[in-house]
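Visitor: Mapping to full-length UniProt numbering: the sequence shown position 37 is 37, numbers consecutive. Shown below is the structure under consideration.
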Amino acid sequence: MSKMKGAIVVNTDRCKGCQLCIVACPKDVIALAQKQVNVHGYPFVESAKPDDCIGCAACATVCPDGCITVYRKKVEG
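In structure tokens form, the structure reads like this:
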């Protein structure tokens with residue numbers, strides 16, 4: 001039986017730090033970047049626990065600005 005492994009890529013320049021993706025993530029993978037802001041002065045999110053991502057895409061679904069891209073692959077195990 002194969003397991004799904006996921007990864008997210010955040011467009012930090014477009015992210016405005018609304019944190020909707022943090023709330024939507026069932027595995028608590030996403031967190032607000034500590035003491036960092038993007039080119040527009042907004043705090044942004046990042047993948048804090050990338051190994052825990054299951055690729056469910058809940059974060060990308062709720063993102064109002066389309067800043068998150070989700071990648072999934074099957075892992076044998």
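For every residue, glycine included, the Cβ atom is placed at its ideal position computed from N, Cα and C.
Can you round the beta-carbon distance between residue 99 and K5 to whole angstroms, since I take them to be within the 8 Å contact cut?
Guide: Since the displayed the chain opens at 1 and closes at 77, residue 99 lies outside it and no answer follows.
Visitor: Cβ-heavy atom distance between V75 and the ligand COA below 7 Å?
Guide: With respect to the ligand COA, the structure offers nothing, as it holds no ligand at all.
Visitor: Can you tell me where the beta strand (DSSP E) with I54 in it begins and where it stops?
Guide: Your numbering for residue 54 matches position 54 in the sequence shown. From DSSP, I54 is part of no beta strand (DSSP E); its letter is neither H nor E.
Visitor: Roughly how many angstroms lie between the CA atoms of A57 and V10, to the nearest whole one?
Guide: If you number the sequence shown from 1, residue 57 lands on position 57. If you number the sequence shown from 1, residue 10 lands on position 10. Answer to the nearest angstrom: the Cα atoms are 12 Å apart.
Visitor: For the beta strand (DSSP E) that V75 lies in, which residues bound it at each end?
Guide: The residue given as residue 75 occupies position 75 in the sequence shown. First-last of the beta strand (DSSP E) with V75: I68 to E76.
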